[in-house]
Structure formats: C-alpha cells, structure tokens
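> Protein chains in written order, with our numbering: chain A, 11 to 490; chain B, 22 to 151; chain C, 2 to 40.
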Amino acid sequence: VYHAACNGELYSRPFIESFEETPMLVAVLTYMGYGILTIFGYLRDFMREWKIEKCHIAREREEQKDFVPLYQDFENFYTRNLYMRIRDSWNRPICSVPGATFDLVERHLGPEQENNTTSLTVLSPKMRVTVKFGVGMASTRQEMGNLDRHEELEKLVASFLGVESAMAFGMGFATNSMNIPALAGKGCLILSDELNHASLVLGARLSGSTIRVFKHNNMQSLERLLRDAIVHGQPRTHRPWKKILILVEGIYSMEGSIIRLPEVIALKKKYKAYLYLDEAHSIGALGPYGRGVVEYFGLDSKDVDVMMGTFTKSFGAAGGYIAGRKDLIDYLLTHSHSAIYATSMPLPVVEQIITSMKCIMGKDGTTIGRSRIQRLAENTVYFRRRLREMGFIIYGNNDSPVVPMMLYMPAKIGAFGREMLKRNIGVVVVGFPATPIIESRARFCISAAHTKEMLDRALDVISEVGDLLQLKYSRHKVLP
Amino acid sequence: MNSRGIWLTYALGVGMLHIVLLSIPFFSVPVVWTLTNVIHNFGMYVFMHAVKGTPFETPDQGKARLLTHWEQLDYGVQFTSSRCCNTCSFLCRYFLASFYTKYDTAHFVINTASLLSVLIPKLPQLHGVR
Amino acid sequence: YQYLLVTSLYMLEPWEITIFNSLLITVAAMAVYTGYVFM
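Here it is as structure tokens:
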C-alpha cells in the first residue's frame, strides 16, 4: 500500500513508503509452520523431561528442586526449540573491520571463509593516539576522563548538526537508556512510537514517567494521544503534565521506514511538547550532507529539542551523542548517569569519529565524504528498485538505506541465511518474536563503499536464492 | 490473535482435525464430532488457560509471566473482537456437535462438560482469579 | 525442498521429519480408505 504524501507546505520532497500486505496463503502456511514446530518443540521437551534425550541447557540440581525455580523454562521454549535449530544464521563471528566486505569465521574451525576481503584502511592518526593515550579511559567525564579530544569531538558534532552544543557517550544504547531518565520523571508523559528501539523503551521505563504508545509513524494516533494528554491531564488528579516528551527514531531499521518529521514537528509546536529524535541509523546516511533526517526534509535542527544519534553505523566507530541547546547539554553534563558513572569514550574511537566526520563534512580538504553520501543515496534507490522489479516484497521508504525483504515462513529464515552465505553474501535475518509472527524478514544494509558491480552481484545472488526458496511474493510487480 | 490470517488458519486447523478423525474407519460420525469438540477444547484449555507466561522473553520485566494467554490477550481489555470470536467459535462447535450427535444423552453430557471447562475461564469475572 | 520449507520440516532433525512424514502418510491413507468405503 503506497503512501505518497506531498502536501505542499510540509514536505519538501516526495515521501513514498510501502508496506505490502502479507499474502493470505503465505500467512496461513506461516502459522501452520509455527504450529508444527511448536508441536515438535513440546515433543522434544517431553523427551528431555523423561531423560530420553540428553539435556544440554542449564537446569537446577535435584537438591535445588524445592527452591524457587531459577530458570523460567517456558520462557525459553522458543529459544530452546526454534532459535537453536537455525541459530547458525545469527552467531557468525566477523573477524575484520566493518566495511563493504568482511571476513567471517567458519564455525567448525574450517578454513577462514574468504569474503573477498577489502577491509577499511586503518588510518595512522588512530594508531598514534592509541600509542599515546592507550585504549581505555578508566575514568568518567566528571573526573579524570575528560580530555581535550572529547571536547573537540563534541564541538565537531555540534557544528555538524548545526546546534549549539553536543555531548558524546561511549555506548549507543546507554545514550538513550541513561539520558531519558535525566530528561523526564514523575508527572511527565512520554509518547513513544510502538516500534521504538529497546534502548528508548528502557530509558522511558527507567524514568518513571507515564508512557503511552502510538501506532508506528501514524500522526493521527500521535495527535489523538496529545489531545487526550492536554485535555485530561494526569490520571486521577487531572493536573496538567509537567512536560510531554515525544520519542521517535529517524529511520526504523526493522521497518526501513523514515519518520514523518515535518508532521511530528508541526504537532509538537501545536501542542507545546518536546521532541526527542533518535538518529541511530539516519545520521551520516540521509540528507545531501549526511546530517540526518532533519536535513533530509530541509527542516531547522532547532525545532528538535533533543537530537540523539550513534557513531556505529555511518562512522565505523561506536558510542552515541546527544545534541541540542547549550543549557540542555550543561544540564546533562551534571545530571546524566553516563556522565557521572560511565567511563568516557576511548580516544582511538574518538579519533575514528573525528576522522570520519571531518571526511563527511569535507573538512579534510577532499570531497570523498560528499561523494560517498551521494553514492549511498544512489545505491539505496537502485537496490530497492531492482529488488522490487524482481518481485520481492520490500518494506519501507524508497530512500531508506536499510532494506527489509520479507521471508515470512520460519524455515525460510534459516534457509535464506545459509543459502546466501554459501554464495558469500552476508545478510541479517530477523524472525518472531522480534518481528510480528507473520513478518519474518531479511535486512540488507547498503553502504557507500558498495560498487555497482558488488550490488549487481548481490542482486543476482538474491534473485537466484529467491527463485530457489520461492520468495518472490509481491503482487505489485514493478515493470522494469 | 488479531493479526492477518489467524482466524482462517484456526478454522482450517479445526477442519483438518475433524477430517483426520473422520478418516479413522471405525469411528462413527457422532463419535467423530464429540472427539473433535473434546480434543479441541482440551487443547485450547491448555493453550489459553493453563500455560502461563510467554514462550519467549518479553521486555516487560516479567509482568506477563504469571498471566495465562487469555489474560494477556489485548493487554487484558475485555470484550475485544478477538475474545468474542474465540468464545463464539466454541459455542458454534458445541451446537454442531450436539446436532450431529442427534442430542444423544451421553454425547450431550460430554460435550456440555467440555464446553463449560473452556467457557467458564473466559468470563470477565474470572480474570486473574486462581 | 519447497515442501520442507513450507512445512518447516527444514528446521527439524531427520528422525523428526520421518515421524512427521509417516504420520502424514498414515492419515492420508486412512482418508483415502475411508473415502473409498464411504463412496
């Protein structure tokens, strides 16, 4: 079902997203598949219970039987009986630096599997910094762990995003889960998208605020919650909320969808709410200069109260940042859990981020960054269009560099991962309960480092495996 | 329980169970209907009202661990479409089984007992009652 | 291969696949026999 919202005043570019419905026959066969696996799961549990089959999982000793059970055995039913059968598709150690191609370790200690290795050239600045400062900080930002390179990085991030000030953290997940409790607390209301990342969910829960969930990327649902919140106030006392914080992500990596930011900003201005934007996947990947979803829609970054992002995806590093007004950052520097307890970001990682961010901004005197951003956008549109022409069901926005391709049946999750690996292509596959039961999928992450030849080879392999596994379900075949 | 195709799958599954039982040569039609009704109700009782928790880890810090599937349905909201459909399907099968067993007393008692065993736990008054 | 994928037998072990297939064949044979008798 295509959404093309180009109402003149809000969107500066076509906004096209598609979420084709699961074919009914495929849905029925998917439930049947899960039913068969569940029945055999119970059979296996029965055999383990009666010692017919050797049990490899942790369990209490006989003497401990009278205590409260340590292991919730039913809670691990899926892990034990479904995930274990195809977990080789997930636990695959990578033994090279991230890039367009990388090495995988063959599980059975077999020969290292060549994946046409061309790892990133590790630049010398990081080596120098590693020798000079070591690999860890061993202290927090508020004590000995605050170095000039950190401050330089934060100035660079602030100028990259076009805001007053920024603050960097050593871990992306912690950036959300440790700072949201510093921003909201009792008497506050958090409006969260239903498909938000676990770190946002954890941060919202830790804050003690009241949490209400709106449908994914659905502005009517968000406006209804805002209206209710303003009109009715807090439950029982009906006092007005101290503050209302809207939590959204720039790109939802599981859906491949892009937030409808112009509408969210319009709503937050109308109802005087605060906006927290998590750009984990969109920073460095969207917008003509890679400044994320704010630049992609041509909006003003001052309209977003709290800008958060990570350095993992597009900067080949780790950690996260929070950016916004200076008083916000000063407040977080003194009140954030991460600033007080967590060790600050290691210097080699800081160096890597500074190097790659300067490259993207063009401050290193080259146009590599700009051309990479352009290449990424072209690769994305090309890859998505070709997959759709082949007949696969692709979710999300045309411009999102994360491309979910639907697999549906549980057995096809494992089969797809294995068949692709046989042909030297690494893919990420995701199934229930991380996705709805009838929406298992594979996710492709497009990189600017991919050449057209690489993309074509990957597309040919995907088409071949798609024919083998019968994955070309789409009924809206796009004519080439 | 309200995702796409789940009710069609459920109907096909019950139909499949009935056909398998019909295929057993020495079962008569009334016996097959009563067996379909009893096996289905027993399976749904175990699945909906006996087993507690979720078969996978949920990020709700264990809130659902002590709730049965029926209590977790639609976050505990009563009289939703899923709940109503589920309850009506039991009643339909009960009427069909009574009809096809020609209201024979023995079958009627068995079917009625089986129906009550799955209908009583569905009452809103028994939500969370142990 | 499609049969294994659609019924998820692809994820089961060989002896489990054997159990499932023998059950399926038994039910199908009974259905055919009963159908024949009934007709």
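No residue lacks a Cβ here, since even glycine has one placed at the ideal position from N, Cα and C.
Looking at the C-beta of S110 (chain B), does it have a partner C-beta in chain C at a distance below 9 Å?
It does not; no Cβ of chain C falls within 9 Å.
> In three-state terms, what does DSSP make of A333 (chain A)?
Looking at A333 (chain A) - three-state DSSP - the assignment turns out to be strand.
> Starting from A32 (chain B), follow the alpha helix (DSSP H) in both directions and report where the run begins and ends.
I27 to L43 is the extent of the alpha helix (DSSP H) around A32 (chain B).
> Whose CA, out of A:V167, A:I46, A:E161 and A:G144, lies closest to the CA of S524 (chain A)?
The structure shown does not extend to residue 524 (chain A), since chain A is modelled only from 11 through 490, so no value can be given for it.
> I'd like to know whether the C-beta atoms of L236 (chain A) and I221 (chain A) end up nearer to each other than 9 Å.
In this structure, I221 (chain A) does not lie closer than 9 Å to L236 (chain A) by Cβ.
> Using the beta-carbon count (16 or more within 10 Å), is S346 (chain A) buried or exposed?
By the neighbour-count rule (16 or more Cβ atoms within 10 Å), S346 (chain A) is buried.
> Nearest chain B C-beta to E124 (chain A) closer than 9 Å, yes or no?
No answer about E124 (chain A) holds up, because its pLDDT of 42 lies below 50 and its placement is not dependable.
> Any contact between the segment 429 to 437 of chain A and the segment 24 to 32 of chain B? By contact I mean 3 or more CB pairs, one from each, below 8 Å.
Taking 8 Å as the limit for Cβ pairs, the verdict is that the segment 24 to 32 of chain B does not touch the segment 429 to 437 of chain A.
> On the three-state DSSP scale, how would you describe K253 (chain A)?
K253 (chain A) falls in the coil class under three-state DSSP.
> Taking the alpha-carbon positions, what's the T69 (chain B) to T79 (chain B) distance?
Here residue 69 (chain B) is Met; the residue named in the question, Thr, does not match the sequence. Rounded to whole angstroms, M69 (chain B) to T79 (chain B) spans 18 Å at the Cα level.
> I'd like to know if the segment 403 to 421 of chain A and the segment 383 to 394 of chain A are in contact, where contact means that at least 3 CB-CB pairs between them fall below 8 Å.
At 8 Å Cβ cutoff, the stretches touch.
> For V7 (chain C), decide whether its Cβ has a neighbour in chain B, counting only Cβ atoms nearer than 9 Å.
Output row for V7 (chain C): interface = no.
> Using the C-alpha atoms, what's the distance from P76 (chain B) back to N86 (chain A)?
Between N86 (chain A) and P76 (chain B), the C-alpha separation is close to 6 Å.
> Considering only DSSP beta bridges, list what S267 (chain A) is partnered with.
Per DSSP, A:Y262.
> Give the DSSP-derived three-state secondary structure of P103 (chain A) in the structure shown.
Reduced to three states, the DSSP call for P103 (chain A) is coil.
> How far does the beta strand (DSSP E) with M317 (chain A) in it extend, from its first residue to its last?
Taken as a continuous stretch (DSSP letters only), the beta strand (DSSP E) holding M317 (chain A) covers V316 to T320.
> Let me know if W60 (chain A) comes out buried or exposed under the rule of 16 or more other beta-carbons within 10 Å of its beta-carbon.
Exposed is the call here.
> So, with DSSP's three-state summary, where would you put S450 (chain A)?
Note: S450 (chain A) maps to coil in three-state DSSP.
> Can you confirm whether S138 (chain B), when its beta carbon is compared against all beta carbons of chain C, has any partner nearer than 9 Å?
No, because no Cβ of chain C sits closer than 9 Å to the Cβ of S138 (chain B).
> Using a Cβ-Cβ cut-off of less than 8 Å, give me the residues of the segment 125 to 136 of chain B that come near chain A, in sequence order.
So the list is empty, because no residue satisfies the distance condition.
> So is M12 (chain C) in contact with chain B if we call contact Cβ pairs under 9 Å?
Not closer than 9 Å to any Cβ of chain B, the Cβ of M12 (chain C) fails to qualify, so no.
> Just curious, the beta strand (DSSP E) that A37 (chain A) is in, first and last residue?
No beta strand (DSSP E) holds A37 (chain A); the alpha helix (DSSP H) holding it covers M34 to E59.
> Based on DSSP bridge pairs, tell me the residues matched to A178 (chain A).
DSSP, once it has assigned bridges, lists A:Y331 as partnering A178 (chain A).
> Does DSSP put L216 (chain A) in a helix, a strand or coil?
In this structure, L216 (chain A) counts as helix in the three-state DSSP scheme.
> Along the segment 64 to 81 of chain A, where does the CB come closer than 8 Å to a CB of chain B? Name the residues.
Listed by position, the residues of the segment 64 to 81 of chain A near chain B (Cβ gap below 8 Å) amount to none.
> What are the boundary residues of the alpha helix (DSSP H) that includes S138 (chain B)?
Unbroken alpha helix (DSSP H) run through S138 (chain B): T126 to L140.
> Could you give the distance in angstroms between the alpha-carbon of V28 (chain C) and the alpha-carbon of S324 (chain A)?
Cα-Cα distance, rounded: 55 Å.
> Report the rounded CA-to-CA distance for G182 (chain A) versus E174 (chain A), giving the unit in angstroms.
Computed Cα separation, rounded: 21 Å.
> In this structure, does DSSP put Y286 (chain A) in helix, strand or coil?
Y286 (chain A) falls in the strand class under three-state DSSP.
> Between which residues of its own chain and I363 (chain A) is the CB-CB distance below 7 Å, once the five residues before and five after are set aside?
So the qualifying residues of the chain are L163, F321, F325 and A327.
> Span of the alpha helix (DSSP H) holding M430 (chain A)?
Its alpha helix (DSSP H) spans residues P420 to K432.
> Mapping DSSP to helix, strand and coil, what is S202 (chain A)?
Note: S202 (chain A) maps to strand in three-state DSSP.
> Name the residue from B:A118, B:C106, B:V59 and B:L43 whose alpha carbon lies nearest to the alpha carbon of A30 (chain C).
When only C-alpha atoms are compared, the closest one is B:L43.
> Name the residue from A:L397, A:E259 and A:A444 whose alpha carbon lies nearest to the alpha carbon of D466 (chain A).
Among A:L397, A:E259 and A:A444, the Cα nearest to that of D466 (chain A) is on A:L397.
> Excluding the five sequence neighbours on either side, which residues of its own chain have a C-beta within less than 7 Å of the C-beta of I131 (chain B), listed in chain order?
Result list for I131 (chain B): T55 and V59, in chain order.
> Whole angstroms is fine: what's the gap from I456 (chain A)'s alpha carbon to E265 (chain A)'s?
Their Cα atoms are separated by approximately 15 Å.
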